[in-house]
Amino acid sequence: MTRTMRRALHGAVLATAALAATAPQAFAAAPVQQSLSRPPVGYVLEESFHGTAAACQTTGRAGIAQNTWTAYFCYQALPFSPFQQLYIKK
Numbered sequence: 006m007t008r009t010m011r012r013a014l015h016g017a018v019l020a021t022a023a024l025a026a027t028a029p030q031a032f033a034a035a036p037v038q039q040s041l042s043r044p045p046v047g048y049v050l051e052e053s054f055h056g057t058a059a060a061c062q063t064t065g066r067a068g069i070a071q072n073t074w075t076a077y078f079c080y081q082a083l084p085f086s087p088f089q090q091l092y093i094k095k
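If you read the sequence shown in our numbering, its first letter stands for residue 6, the second for the next number, and so on.
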């Protein structure tokens, strides 16, 4: 193994260790989002809504303003999809 290869290997190991060290902080907020199989207690999926993140926020705020529901949150079900699901609490 040449000197250049050893340096590259050490750099790769240090970079991987740095990423692994920061991973717990990066995933600390992950439990806030619920899985699709179970919404949080008291929330139900609003079946009539199909739209983007901005439309979801607008619809959620409008429902609160009209006293249709008391709380809402938008959930992106698929990782690369622009569409979100609206969960409401009556």
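All C-beta atoms in this analysis are idealised placements derived from N, C-alpha and C, irrespective of residue type, glycine included.
C-alpha distance - Y92 paired with I69, whole-angstrom precision | 12 angstroms
Inspect the beta-carbon positions of T63 and K94 and report whether they are closer than 7 angstroms.
-> no
Three-state secondary structure (DSSP) of Q89 | strand
Let me know the secondary structure DSSP gives A76 once reduced to three states.
-> strand
Inter-residue Cα distance where the pair is P84 and S53 = 21 angstroms
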